[in-house]
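Quick notes on the structure that follows.
Protein chains: 2
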Amino acid sequence: MIYEKQYDEYLALVDDYIEKLWDDAEELPKTDAPPLTLAKAMRYSLLAGGKRMRPVLLMAAADFMSVPLMAALPYAAAVEMIHTYSLIHDDLPAMDDDDLRRGKPSNHIVFGDGMAILAGDGLQSAAFETMLSAAANGEIKPENAIRAMKEISLRAGIGGMIGGQVIDLESEDRQPEAGRLFYLQQKKTADLITAPILAGLLLGGASGAILSDFEKYGAGLGHAFQVIDDCLDVIGNQQELGKPIGSDAEHGKLTAVSLYGLSGAKKAAEEFTQDAVNALAPYGEKADFFTELANYSLSRMR
Amino acid sequence: MIYEKQYDEYLALVDDYIEKLWDDAEELPKTDAPPLTLAKAMRYSLLAGGKRMRPVLLMAAADFMSVPLMAALPYAAAVEMIHTYSLIHDDLPAMDDDDLRRGKPSNHIVFGDGMAILAGDGLQSAAFETMLSAAANGEIKPENAIRAMKEISLRAGIGGMIGGQVIDLESEDRQPEAGRLFYLQQKKTADLITAPILAGLLLGGASGAILSDFEKYGAGLGHAFQVIDDCLDVIGNQQELGKPIGSDAEHGKLTAVSLYGLSGAKKAAEEFTQDAVNALAPYGEKADFFTELANYSLSRMR
């Protein structure tokens, strides 16, 4: 299948790039390399696997605009670093207190709470270090690089993903409410799925209608993704998911399932996916990768 | 005195800019504003006072290159956000476990550990959000903005300040050693003092000799600053410092005092300051602000 081959091609580039990061770490670094323990802690979580959907979306969006894939790669890796740092901090005892992530002990279980905090801080910083170092080499037009990085920073930031984490923290054991759930999903999940799509397009100088259509696609895909995750937390398989089932309910989390019930949530995921697919109708076959990705994501639930 | 008047002018601009940040926060934000609690936690530490030496240095360096002060301001504020996030995370129970900062309860004492982690994450993100939003408006030449942001990201990052925090964490209760102390000071402190100086210059397109002279100045000032801090932790006044005296020794920290003793450390601070002043000799009166700042910083110890 073309979709799967394409996904694997983007994924291989991302994996290869990430695998080589910080292999110059020294115990007491005299250069601008990171200290060895920090590099180990960052790499532990960054290389723990996962589908790498976010960086793959950035590569696909850059490809859509005919940006050379190698030039887009540092930005794709940066988005995965941001996603990973948020997971490390989210698992800390002071936050969700999860001991298991992707089937392996969480970062703080292996490296301790202090080092896990610094590994998270380091991955967020490294995301911007990586993008800005790439931007400084001039392969991407500087104005386009700035617009792409700005998009990522805002959607990963205090009005985006971090803001979503705060709403999540504050929503535990509160009465479920539709407005709150929508903004929680938008910020906590959809923003960091939309960001790499728009950033990939912006690297290629996209503007106007393209950005607005793909923003709708990203919102549909992102909301569907979170709703599917909420469903899998109830009906999923611990081994496949790499984390315990039922942890949302245990934490009193606000989720699509807690608000709409399982069948209502499944229906919502289908509708969000349809919204995503519809948004890219104007692009016909050229957008096939994106529409197939949305349908494939939905199929995780079946 | 011209120096003090100049410092206060830069400081007033920075304070005014920072005071207005995130005043559009909403409890459940529907815009890209941050949630109210997050804004409160970030503002609590950002507005807790301090000399704001780092952003002032950026303003002075930008001024040195005739960059309009208003165009430099977002970058200056960003450096203060990075400094503040590192203090919030450093005070956490999993790190230095300090209850008091600048004479007030630490962030996690007021807002809880989870929110303090998110407030720190938010401030690091907001630093890049702020700089990239400014860079996108085009007042600074895009290439120069990228070089300035890159400098800040690398020196605040895993091979700079964050790396220094890791060395600090790993140096507790270990045998004092000169090489380790030097890299600890360079990364933990001097890098985030050098970064705003070089970034301010880069905003104005500086290159070559100017960057290299000011890098030497920044290293001298930064090392002196940390050594002076180490001395004040022994001979200082709790009320003036806003934190308990003797906490370094209590934590078994590697400091200039633990390695060289108090009089050896004082001598080192004087030598580092002299290195800083000497580095700017080629610029004569034009660099007076910087040399006076170095001498004033040393006078804290007397």
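Protein chains in written order, with our numbering: chain W, 1 to 302; chain P, 1001 to 1302.
Glycine included, each C-beta is placed from N, C-alpha and C at the ideal position.
Interface criterion met: the Cβ of Gly1157 (chain P) is under 8 angstroms from a Cβ in chain W.
Against chain W, a Cβ distance below 8 angstroms from Lys1030 (chain P) picks out Tyr183. Think of a sphere of 8 angstroms around the beta carbon of Glu170 (chain W): the chain P residues whose beta carbon falls inside it are Pro1035, Thr1037, in chain order.
Using a C-beta cut-off of 8 angstroms, the region 223-235 of chain W makes contact with the region 294-302 of chain W, since at least three inter-stretch Cβ pairs fall below that distance.
If you draw a straight line from the Cα of Glu26 (chain W) to the Cα of Met42 (chain W), it comes to about 14 angstroms.
Taking Glu1270 (chain P) as reference, the option from P:Gly1220, P:Ile1109, P:Ala1061 with the minimal CA-CA separation is P:Gly1220. C-alpha of Lys243 (chain W) to C-alpha of Ile146 (chain W): approximately 37 angstroms in a straight line. Beta-bridge partners of Leu1100 (chain P) (DSSP): P:Pro1105. Not a single C-beta of chain W is nearer than 8 angstroms to the C-beta of Asp1015 (chain P).
Exclusion of the five residues before and after Thr37 (chain W) leaves Met115 as the residues of its chain whose Cβ lies within less than 7 angstroms of its Cβ.
Rounded to whole angstroms, His1089 (chain P) and Lys141 (chain W) show a C-alpha spacing of 36 angstroms. The bridge partners DSSP lists for Glu1026 (chain P) are P:Pro1035.
Nearest to Asn1278 (chain P) by C-alpha distance, out of P:Tyr1217, P:Gly1204, P:Gly1264, is P:Tyr1217. In the displayed model, Asp173 (chain W) falls within coil according to three-state DSSP, outside both helix and strand.
Scanning its chain for C-beta atoms nearer than 7 angstroms, with the 5 sequence neighbours on each side dropped, one finds around Leu154 (chain W) the residues Gly160, in chain order.
Taking all protein chains in view, the Cβ of Ala1265 (chain P) is crowded by 16 or more other Cβ atoms within 10 Å, so the residue is classified as buried. Interface annotation, Pro1196 (chain P): not in contact with chain W, CB-CB separation never under 8 angstroms.
The Cβ atoms of Val14 (chain W) and Pro55 (chain W) sit closer than 8 angstroms to each other.
Take Leu1254 (chain P), set aside five residues on each side of it, and the residues of its chain with a beta-carbon closer than 8 angstroms to its own are Asp1168, Ser1171, Glu1172, Arg1174, Pro1176, Glu1177, Arg1180, Leu1181, Leu1184, in chain order.
Taken in chain order, the members of the region 78-99 of chain W whose beta-carbon sits within less than 7 angstroms of a beta-carbon on chain P are His89, Leu92, Ala94, Met95. Closer than 8 angstroms to the CB of Gln175 (chain W) there is not a single CB belonging to chain P. Counting of Cβ neighbours within 10 angstroms places Leu280 (chain W) among the buried residues, the total reaching 16 or more. Leu202 (chain W) is not a Cβ neighbour of Lys1150 (chain P), given a cutoff of 8 angstroms. Under a 10 Å Cβ-count criterion, Ala62 (chain W) is classified as buried, with 16 or more other Cβ atoms of the shown protein chains found around its own Cβ. Per the coordinates, the alpha-carbon of Asp113 (chain W) lies some 28 angstroms from the alpha-carbon of Leu1259 (chain P). Below the 8 angstroms Cβ cutoff, chain W contributes no neighbours of Leu1073 (chain P), its closest Cβ being approximately 17 angstroms away. The Cβ-Cβ distance between Pro35 (chain W) and Gly1122 (chain P) does not fall below 8 angstroms. Per DSSP, the continuous alpha helix (DSSP H) segment holding Gly1120 (chain P) begins and ends at 1113-1136. When C-alpha distances from Ala287 (chain W) are compared across W:Phe214, W:Ala134, W:Gly204, W:Val79, the shortest belongs to W:Phe214. For Phe128 (chain W), the nearest CB of chain P lies under 8 angstroms from its own CB, placing it at the interface with that chain. Shown here, Gly204 (chain W) sits in coil according to DSSP, grouped into three states, outside any helix or strand. Per DSSP, Val67 (chain W) lies in no alpha helix (DSSP H) segment and is marked neither H nor E. Counting only unbroken stretches of 4 or more residues, the alpha helix (DSSP H) elements lying wholly within the region 1190-1275 of chain P are 1191-1203, 1209-1235, 1238-1241, 1247-1250, in sequence order.
Counted as a single uninterrupted DSSP element, the alpha helix (DSSP H) harbouring Gln6 (chain W) occupies residues 2-19.
Nearest C-alpha to Lys267 (chain W) among W:Ile235, W:Leu241, W:Cys231: W:Cys231.
Taking each of P:Ser1207, P:Trp1022, P:Lys1187, P:Pro1093 in turn and checking the Cα distance to Met1081 (chain P), the smallest one comes out for P:Trp1022.
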